[in-house]
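Student: First the structure, then my questions, so here it is.
Residue numbers (the UniProt record's numbering): 1 to 358.
Structure, rendered in structure tokens:
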């Protein structure tokens, strides 16, 4: 990075979550997805009921500590793990019970695989929540997954429109439209974002997710327009491999599996070393609702990052080259005059000059 605001901490994130993570060929790729899901759990993005939360937490503990040992693990050893936004004593006790009795003998790779298998079945798996208002003015969170377009209110999913049933995504100003078919009838869903820029970003995310998960070949993807042909609108075309091409290319990998260097226990639990509120605004939990634009501006001003030039990074994961993972950053600069829910902000302070994958 060439910038006048060093140092930065840059975090790589999974953009397109695989629909069947158990089929990922290389252990290294599965480990990177495991790290992402562990972060999603900690930030409240991957919502799960109590029983599922306890099992996922136990898998993480097994992967990082190994088998339970009464001589090494005191009664409160789970407190050293910051696994969930709200980590109750009841949840910690259940995690200990599962770690003791159900996961013994599992190596780190196997425990991580079990975690992926359980996590991918949850409704919020792979959801990057975009805050908005529905036609009644109620707060909703929109997301795009391997299955299709989803809408959440609170912790409840109220809409799931599969990609084959989504005929068009468009936006005009601050209004986002999803047009599709449900029960053989035309369906039009309307949502309102805080700014036109946030609406355009939401539309682009939807278009590229639909292209990635729905199309059989990247050569089939066409340029799409954001609105009616009689009005001037944004144009966008997804570039890169689609999911089916990634899976096919991954199955043809022939090489020695790369070595997996796992973070040590002390490193894995040091979440507070990164100020996620300053770094990635849309990493906040689905509930409670995200702060208002005024709160975002106040936060930005307090941290000395108001009206700075921001480096934006577009991260593509699970794009296959010579291995399962190839990350292709595309940089574009923008004058940061307002902060919205789906922007990347530089960390205001820090010591690391390298790249951090958390």
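Think of the CB as a built atom: it goes at the ideal place given N, C-alpha and C, for glycine as much as any other residue.
Kindly indicate the opening and closing residues of the beta strand (DSSP E) around residue 120.
Tutor: Taking the first residue of the chain shown as 1, we reach residue 120 at position 120. It is not in any beta strand (DSSP E) - residue 120 carries neither H nor E in the DSSP assignment.
Student: Please report how far the alpha carbon of residue 225 lies from the alpha carbon of residue 62, in whole angstroms.
Tutor: Here residue 225 corresponds to residue number 225 of the chain shown, with the count starting at 1. Here residue 62 corresponds to residue number 62 of the chain shown, with the count starting at 1. Straight-line Cα distance between these residues: approximately 48 Å.
Student: Cα-Cα, which of 72, 186, 160, 197 is closest to residue 176?
Tutor: Taking the first residue of the chain shown as position 1, residue 176 is located at position 176. Minimum Cα distance to residue 176 is reached at 197.
Student: How many Å lie between residue 158 and residue 106 at the Cα?
Tutor: Residue 158 sits at position 158 when you count from the first residue of the chain shown. Residue 106 sits at position 106 when you count from the first residue of the chain shown. Roughly 37 Å separates the two Cα atoms.
Student: Given this structure, state the Cα-to-Cα distance separating residue 214 from residue 77, to the nearest angstrom.
Tutor: Stepping through the chain shown from its first residue, residue 214 is reached at position 214. Stepping through the chain shown from its first residue, residue 77 is reached at position 77. Straight-line Cα distance between these residues: approximately 45 Å.
Student: What does residue 192 pair with, by DSSP beta-bridge criteria?
Tutor: Residue 192 sits at position 192 when you count from the first residue of the chain shown. Its beta-bridge partners are 133, 175.
Student: According to the neighbour-count rule (16 or more other Cβ atoms, all chains shown, within 10 Å of its Cβ), is residue 47 buried or exposed?
Tutor: In the chain shown, residue 47 corresponds to position 47, counting from 1. Buried, by the Cβ-count rule.
Student: Report the partner residues of residue 181 according to the DSSP bridge assignment.
Tutor: The residue given as residue 181 occupies position 181 in the chain shown. Answer is 186, bridged to residue 181.
Student: Going by alpha carbons, who is nearest to residue 79 out of 71, 90, 69?
Tutor: Numbered from its first residue, the chain shown carries residue 79 at position 79. Just measuring C-alpha positions, the residue of 71, 90, 69 sitting nearest residue 79 is 90.
Student: Going by the CB atoms, is the gap between residue 167 and residue 181 shorter than 9 Å?
Tutor: Working through the chain shown from its first residue, we reach residue 181 at position 181. Working through the chain shown from its first residue, we reach residue 167 at position 167. Yes. Within cutoff.
Student: Going straight from the alpha carbon of residue 6 to that of residue 65, what length do you get?
Tutor: As a working mapping, residue 6 is identified with position 6 in the chain shown. As a working mapping, residue 65 is identified with position 65 in the chain shown. Taking the straight line joining both Cα atoms gives about 35 Å.
Student: Per the contact definition of three or more C-beta pairs closer than 8 Å, is the region 23-30 in contact with the region 247-263?
Tutor: yes
Student: How about residue 114 and residue 199: do their beta carbons lie closer than 9 Å?
Tutor: Residue mapping note: residue 114 aligns to position 114 of the chain shown, counting from 1. Residue mapping note: residue 199 aligns to position 199 of the chain shown, counting from 1. No.
Student: I'd like to know if the region 137-148 and the region 204-222 are in contact, where contact means that at least 3 CB-CB pairs between them fall below 8 Å.
Tutor: yes
Student: Residue range of the alpha helix (DSSP H) that residue 58 falls in?
Tutor: What you label residue 58 is simply residue 58 of the chain shown in a count that begins at 1. That run of the alpha helix (DSSP H) goes 50-65.
Student: Between residue 127 and residue 45, how many whole angstroms is the CB-CB distance? I'm expecting something under 8 Å.
Tutor: For the purposes of this step, residue 127 is taken as residue 127 along the chain shown, with counting starting at 1. For the purposes of this step, residue 45 is taken as residue 45 along the chain shown, with counting starting at 1. That belief holds up - the Cβ atoms of residue 127 and residue 45 are roughly 7 Å apart, short of 8 Å.
Student: In angstroms, rounded to a whole number, what distance separates the CA positions of residue 258 and residue 117?
Tutor: Taking the first residue of the chain shown as position 1, residue 258 is located at position 258. Taking the first residue of the chain shown as position 1, residue 117 is located at position 117. Those two C-alpha atoms are separated by around 22 Å.
Student: For the putative contact between residue 31 and residue 262, defined by C-beta atoms under 8 Å, what is the C-beta separation to the nearest angstrom?
Tutor: Walking along the chain shown from the start, residue 31 turns up at place 31. Walking along the chain shown from the start, residue 262 turns up at place 262. Correct: roughly 7 Å between the Cβ atoms.
Student: Note the first and the last residue of the continuous alpha helix (DSSP H) segment covering residue 24.
Tutor: Taking the first residue of the chain shown as 1, we reach residue 24 at position 24. Premise fails: residue 24 is in no alpha helix (DSSP H) and is neither H nor E.
Student: Quick check on DSSP: helix, strand or coil for residue 153?
Tutor: The residue labelled residue 153 in the question sits at position 153 within the chain shown. Three-state result, residue 153: strand.
Student: Can you tell me the Cα-Cα spacing of residue 15 and residue 201, whole angstroms?
Tutor: Taking the first residue of the chain shown as 1, we reach residue 15 at position 15. Taking the first residue of the chain shown as 1, we reach residue 201 at position 201. So the two alpha carbons sit approximately 14 Å from each other.
Student: Spell out the partners DSSP gives residue 373 in its beta bridges.
Tutor: Residue 373 lies beyond the stretch modelled for the chain, which goes from 1 to 358, so this question has no answer here.
Student: Please state whether DSSP places residue 12 in a helix, a strand or coil.
Tutor: Along the chain shown, read from residue 1 onward, the residue named residue 12 stands at position 12. Three-state result, residue 12: coil.
Student: Is the beta carbon of residue 143 closer than 9 Å to that of residue 98?
Tutor: Counted from its first residue, the chain shown places residue 98 at position 98. Counted from its first residue, the chain shown places residue 143 at position 143. Contact: no.
Student: I'd like to check one pair, residue 218 with residue 240: are the Cβ atoms closer than 9 Å?
Tutor: Position 240 of the chain shown, counting from 1, holds the residue named residue 240. Position 218 of the chain shown, counting from 1, holds the residue named residue 218. Result yes, Cβ atoms of residue 240 and residue 218 sit closer than 9 Å.
Student: For residue 235, which of 223, 244, 245, 242 has the nearest alpha-carbon?
Tutor: As a first step, residue 235 is located in the chain shown; it is residue number 235 there, counting from the start. Of the candidates 223, 244, 245, 242, the one whose C-alpha sits nearest the C-alpha of residue 235 is 223.
Student: How is residue 158 classed by DSSP in three states: helix, strand or coil?
Tutor: In the chain shown, counting from the first residue as 1, residue 158 sits at position 158. The answer is strand: DSSP assigns residue 158 an E or B state.
Student: Under a three-way DSSP split, which group does residue 205 fall into?
Tutor: To locate residue 205, count along the chain shown from 1; it is residue 205. Here residue 205 carries a helix assignment [DSSP, helix/strand/coil].
Student: Buried or exposed: where does residue 368 fall if 16 or more other Cβ atoms within 10 Å of its Cβ makes it buried?
Tutor: A query on residue 368 cannot be resolved here, the shown segment of the chain reaching from 1 to 358 and no further.
Student: Would you report the Cα separation of residue 130 and residue 140, rounded to the nearest angstrom?
Tutor: On the chain shown, position 130 is the one that residue 130 refers to. On the chain shown, position 140 is the one that residue 140 refers to. Residue 130 and residue 140: Cα-Cα distance of roughly 8 Å.
Student: Taking a contact to mean a Cβ-Cβ separation below 9 Å, would you say residue 17 touches residue 125 in this structure?
Tutor: On the chain shown, position 17 is the one that residue 17 refers to. On the chain shown, position 125 is the one that residue 125 refers to. Their beta carbons are under 9 Å apart, which means residue 17 touches residue 125 by this criterion.
Student: Can the beta-carbon of residue 38 be found less than 9 Å from the beta-carbon of residue 103?
Tutor: Walking along the chain shown from the start, residue 38 turns up at place 38. Walking along the chain shown from the start, residue 103 turns up at place 103. No; because the gap between Cβ atoms is not below 9 Å, this pair is not in contact.
Student: Can you give me the C-alpha to C-alpha distance between residue 67 and residue 87, rounded to a whole angstrom?
Tutor: Translated into positions along the chain shown, residue 67 becomes position 67. Translated into positions along the chain shown, residue 87 becomes position 87. Taking the straight line from one Cα to the other gives about 22 Å.
Student: Taking only three categories from DSSP, how would you classify residue 18?
Tutor: Along the chain shown, read from residue 1 onward, the residue named residue 18 stands at position 18. The answer is coil: DSSP assigns residue 18 none of H, G, I, E or B.
Student: Determine whether the beta carbon atoms of residue 27 and residue 260 lie at a separation below 9 Å.
Tutor: Taking the chain shown and counting its residues from 1, the one referred to as residue 27 is at position 27. Taking the chain shown and counting its residues from 1, the one referred to as residue 260 is at position 260. Taking 9 Å as the Cβ cut-off, residue 27 and residue 260 qualify as a contacting pair.
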